[in-house]
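Chemist:
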Amino acid sequence: KLIVAIIFGILTNTFAEVYFEDKNCHYQPMTNFNLEQYLKIDHAYVTHIKDGINSQFCRELTTKLSNGTIETTTESYDQIFGETLHYKMYCNGKQKNDSQGEFSYECNNSDDPKKNPQDNYKLYTSVIDTDYEKYAILYWCAMYGVFTVDDILVLKTDKNGDNNKVEKFLQSKKMKLDKFLYSNSTYCDKVKNNGEKEEEKIGT
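Under mature numbering (1 follows the signal peptide of the UniProt record, and there is no 0), read the sequence shown as residues -16 to -1, 1 to 188, first letter to last.
Right, dumping it as structure tokens:
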């Protein structure tokens, strides 16, 4: 369980809302949610976190539908105590029964969870708003043992795209995007470029 415990340690360094007790992960999803349209957003960046405390983070999500199961891979870079940690998490799940826009996942640090079943953790997400093309706003809640971490995330297909629709929706919910923590794009470009160079070295 060490690897997932470390990753949850990273998450607590990124997200402010951490609970050491059972928590009911739920957030009202948007009305008239369309799953087929939503899955067209197959790659997105986490650009903002509502209650984040560390801007030195990068998240990229890749999503696809395979045999009725939604498969999401999250590639992350996080700076902890001056060091950059790079890891991937693999989640498989489905839309919750009779609840459009809410999803339950089983996640693991391995793309084959049977290898490390003890490292499984649960993830709940709710799509609060999306235009099915350029952005999505998610409530995100991860559960591992006695730990629960939740937050509201802004995902965009173009990390440098405009925020007009996102800002308008958040204002309707009494939230302001400029109060969210944003991902440091300079840091992300740097660590990703360094990571690609390392992969090239390994491949040669």
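We put the beta carbon where it would ideally sit given N, CA and C, even for glycine.
Quick one: grab the DSSP three-state call for T57.
Modeler: Strand at T57.
Chemist: Could you tell me whether the region 153 to 167 touches the region 48 to 55, using the rule of 3 or more Cβ pairs below 8 Å?
Modeler: The region 153 to 167 is not in contact with the region 48 to 55.
Chemist: Which two residues bound the contiguous beta strand (DSSP E) that contains E117?
Modeler: Counting along the chain, E117 falls outside any beta strand (DSSP E), and DSSP gives it neither H nor E.
Chemist: Under the rule that 16 or more other beta-carbon atoms within 10 Å means buried, what is D26, buried or exposed?
Modeler: With fewer than 16 Cβ atoms within 10 Å of its Cβ, D26 is classed as exposed.
Chemist: Taking only runs that begin and end inside the region 2 to 44, name each unbroken alpha helix (DSSP H) of 4 or more residues, in chain order.
Modeler: Within the region 2 to 44, the complete alpha helix (DSSP H) runs of at least 4 residues are 19 to 22.
Chemist: Excluding the 5 residues flanking G77 on each side, which residues of the same chain have their C-beta closer than 6 Å to its C-beta?
Modeler: Here the set comprises I54, F87, S88 and Y89.
Chemist: At which residues does the beta strand (DSSP E) containing F131 begin and terminate?
Modeler: That run of the beta strand (DSSP E) goes F131 to K140.
Chemist: What's the gap between the Cα of Q84 and the Cα of V111?
Modeler: Roughly 9 Å between the two C-alpha positions.
Chemist: If you drop the 5 nearest sequence neighbours on each side, which residues of the same chain put their C-beta closer than 6 Å to that of C125?
Modeler: The residues are C9, Y108 and D134.
Chemist: Suppose you measure from the CA of E184 to the CA of K7; what does that come to, to the nearest Å?
Modeler: Annotation note: pLDDT 40 at E184 (below 50); position unreliable, coordinate value reported separately. Cα-Cα distance, rounded: 43 Å.
Chemist: Would Y61 and C42 be called neighbours here (beta carbons separated by less than 7 Å)?
Modeler: Yes, the pair counts as a contact, with Cβ atoms nearer than the cut-off.
Chemist: Do you know offhand how far I186's Cα is from N178's?
Modeler: Because I186 sits at a pLDDT of 33, beneath the cut-off of 50, its placement in the model cannot be relied upon, and the following sentence gives the value as read from the coordinates. Each residue's alpha carbon lies about 13 Å from the other.
Chemist: Can you tell which of M14, K160, N92 and Q63 has its C-alpha closest to the C-alpha of M127?
Modeler: Ranking the options by Cα distance to M127, first place goes to N92.
Chemist: Where D162 and D35 are concerned, what is the direct C-alpha to C-alpha distance, given to the nearest angstrom?
Modeler: Between D162 and D35, the C-alpha separation is close to 12 Å.
Chemist: Following the continuous alpha helix (DSSP H) through Q155, name the residue where it begins and the one where it ends.
Modeler: Q155 -> alpha helix (DSSP H) spans N148 to S156.
Chemist: Would you decide whether T175 is buried or exposed? Buried here means 16 or more other CB atoms lie within 10 Å of its CB.
Modeler: Sequence inspection shows Val at residue 175; the Thr mentioned does not correspond to that position. Answer is buried; the Cβ neighbour count reaches 16.
Chemist: So, for K24: in the same chain, excluding its five sequence neighbours on each side, which residues have a beta-carbon less than 7 Å away from its beta-carbon?
Modeler: Hits under 7 Å: Y116.
Chemist: Pull up the distance between the alpha-carbon of K140 and that of V130, whole angstroms please.
Modeler: Cα to Cα, K140 sits roughly 31 Å from V130.
Chemist: So what does DSSP say about N177, is it helix, strand or coil?
Modeler: Three-state DSSP puts N177 in a helix.
Chemist: State yes or no: is the C-beta of K143 within less than 7 Å of the C-beta of Y29?
Modeler: It is a contact, given that the beta carbons lie within the stated cut-off.
Chemist: Nearest-angstrom Cα distance between N81 and Y123?
Modeler: For N81 and Y123, the distance between alpha carbons rounds to 18 Å.
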